[in-house]
Amino acid sequence: MEKMARSDYFSKFDIIDINMGCPVPNVFKSGQGSALLGDLKKASSIIKGCKKSGKVITVKFRVGIKEDEMIAAEFAKMCEASGADMITIHGRTRNMMYHGTPYFDQIEQAKSVVRIPVIANGGIFSKEDADKMMKLTGADGVMIARYAIENPFIFSELTHKKIKKDKHTIIFEQIDLATKCYDETFAISYIKRLASFLMRGKKGNNKYKTELYKSGNIPELRDILEEIFCKEREKD
């Protein structure tokens, strides 16, 4: 990673965010992501190597691999000592994946032993969740993850800033961007996945999803998405 961090590939970027929290099985088994919670020496080496690039280095990690081996404070101190400029802590263990109540106390303990900014993450699906996370952890901020795809308006709810866009506008803007940046096959796959998140909780969801995934080209995809999200716009 040190070589990559200093390569021309990253020359246009100011920040390198190292994900040491990914719980996905194939990532974990390969010794990457949250597996690094069990190898502080290797994790430290990665951070130090990336820091040599001269860029701002941030690290995201979980509170531990298992519930009986939570090491948020220890890992946070290691990150700071290795050169991290900021850390984001997901309040669940690797074994918990994306389920269960986050361990707020673990984030709070980590926050108390470092001077760098600490961002709290995990289980935030509303402004109330964000306020609770901030209150119980003393974190400097919160990070919204999966829920931001389902409800991108969560950010305006948190900041009290009104926006004029709706889901119809968002999905069609994404189609335009995806077709400009990627080939049609990837663009279609990406838009289908994004749309499935935006459709959650929608009446007739299963029917629409079936039609959505049957679409095989961009025009067909546009037609079905127009039907889905135009009706939602009319309700609003």
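Count along the sequence shown from 1, add 17, and you get the number used in this note's numbering. Beta carbons are placed, not taken as given, at the ideal position from N, Cα and C, and that holds for glycine.
Asp34 carries a strand assignment under DSSP once its states are collapsed to helix, strand and coil. Separation of Val73 and Cys198 (C-alpha to C-alpha, rounded to the nearest whole angstrom) is 27 Å.
Contact check for Ile64 against Val76 passes: the beta carbons are separated by less than 9 Å. Residue environment analysis places Ser47 among the exposed positions, since fewer than 16 neighbouring C-beta atoms fall within 10 angstroms of its C-beta. Linking Met114 to Gln126 through their CA atoms gives a straight-line distance of about 21 Å.
Taking a cut-off of 8 Å for Cβ pairs, the stretch 131 to 140 and the stretch 92 to 106 touch, as three or more such pairs fall below it. By the Cβ neighbour-count rule, Ile180 is exposed, with fewer than 16 other Cβ atoms within 10 Å of its own. DSSP, read as helix, strand or coil, puts Thr75 in strand. Counting only residues of its own chain and dropping the five nearest sequence neighbours on each side, Lys128 has a CB closer than 7 Å to the CB of Val135, Thr154, Gly155 and Ala156. Excluding five sequence positions before and after Ala195, the CB atoms of its chain that fall closer than 7 Å to its own CB belong to Ala204, Tyr207 and Ile208, given in chain order. Contact check for Phe189 against Leu229 fails: the beta carbons are separated by 9 Å or more. Between the C-alpha atoms of Phe121 and Ala101 there is a straight-line separation of about 22 Å. In this structure, DSSP gives Ile63 a helical state, which the three-state scheme calls helix.
DSSP places Asn168 outside both helix and strand once states are collapsed to three, so it counts as coil.
For Phe45, the closest C-alpha among the options Gly81, Ala93 and Tyr164 is that of Gly81.
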